[in-house]
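Notes follow once the structure below has been shown.
Protein chains: 2
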Amino acid sequence: MPNLDAAFSALADPTRRAILARLALGEATVMELVEPFDLTQPAISRHLKVLEGAGLIVRRVEGTKRPCRLAPSAVAEIDQWLAMLRRALETNYDRLDSVLATMKPEQ
Amino acid sequence: MPNLDAAFSALADPTRRAILARLALGEATVMELVEPFDLTQPAISRHLKVLEGAGLIVRRVEGTKRPCRLAPSAVAEIDQWLAMLRRALETNYDRLDSVLATMKPEQ
DNA sequence: CCGTTATATAATTGATCTATTATATAACTA
DNA sequence: TAGTTATATAATAGATCAATTATATAACGG
């Protein structure tokens, strides 16, 4: 799954997570996203491109502005993959629990 | 959150995700994890170090072997962070729904 | 003790990432 | 139309990453 590569590595960067957190409050233009950071506009534009490529945001054109907002698809894909780990963890815990349950009476 | 950095970038690599998928089936030693991949043992050892550093796996010592298994903490932290995005996405969808609901009668 | 097995670490190389500056484009505004 | 604003792209430098080979360590089996 090449999308998972893109989605997870997009999320690996704290600036990009902060951008997503900002977009969780609602749509924002590029300059609005530049403002809170100590980074140049091209740097933010690049981060946005990465987030868009990963399917984590979408952009529309509005005159000279390109407001960004969160997109749902990538999050769903990540959730789906993590569900596999969660299931495994639960299963292993259950197994551990039953091992402990078996041991206790004998100790 | 520096742990999120580590966890997401650990998950960004397809080899590491494959290792986790393998561990979802149960504990495995380093050599057992090397076998299915077309990579050298040092390469896998490095990936395991990254996964351990991210809190995604734990290892125990068993003679000369170091069996690895999944660890729950990092997944929980990731889930928690993604929950924020999910909430925002739902909220935005609700908003869109209500906008559409408002528009329809007038169209 | 010795050779083997399981794993880790170091040095190195090539690739990828991130940020910067400089510049381009395209749409508003006067 | 000229100047400004919003954004994108290119060139580039420095940092980090991932893989390899070579080597170290440490436990196990005879």
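One line per chain: the protein sequences are A and B, in this order. Going by numbering that gives the first Met the number 0, the residue at position 72 of the first sequence is 71; the numbering climbs one at a time, nothing skipped. Going by numbering that gives the first Met the number 0, the residue at position 6 of the second sequence is 5; the numbering climbs one at a time, nothing skipped. Glycine included, C-beta positions come from ideal geometry on N, C-alpha and C. Given the structure is predicted, the values throughout are model-derived calculations rather than measurements.
Not a single CB atom of chain B sits nearer than 8 Å to the CB of Val57/A.
Annotated three-state conformation of Arg65/A is coil, per DSSP. Residues Ala5, Ala6, Ala9, Ala73 of the same chain have their beta carbon placed closer than 6 Å to that of Ala53/B, with the five preceding and five following residues left out of the count. Within chain B, no C-beta atom comes less than 7 Å from the C-beta of Pro66/A; the nearest is roughly 13 Å away.
Around Arg15/B, the same chain offers Ala9, His46, Val49, Leu50 as residues with beta carbons nearer than 7 Å, after the five sequence neighbours per side are excluded.
When the Cα atoms are used, Thr63/B and Ile43/A turn out to be separated by approximately 48 Å. For Leu50/B, the nearest beta carbon of chain A is not closer than 8 Å to its own beta carbon. A Cβ of chain B is located within less than 8 Å of the beta carbon of Asp78/A. Only exposed fits Val60/A, as fewer than 16 other CB atoms lie within 10 angstroms of its CB. Residues of the same chain with a CB within less than 6 Å of the CB of Glu26/A, apart from the 5 flanking positions on each side, are Pro66, Arg68 in chain order.
The secondary-structure analysis by DSSP pairs Ala27/B across a beta bridge with Cys67/B. Comparing C-alpha distances from Asp12/B to each of Ile18/A, Gln79/A, Asn2/A shows the shortest one belongs to Asn2/A. Within chain A, no residue has its beta carbon less than 7 Å from that of Asp37/B; the closest one is some 18 Å off. Residues of chain B whose Cβ lies closer than 8 Å to the Cβ of Ala20/A are, in chain order, Met83.
For Leu55/A, the number of other beta carbons within 10 angstroms of its own is at least 16, and it is reported as buried.
By the neighbour-count criterion, in which a residue is buried when 16 or more other Cβ atoms sit within 10 angstroms of its Cβ, Ala87/A is buried.
Around the beta carbon of Ala70/B, 16 or more other beta carbons lie within 10 angstroms, which makes this residue buried.
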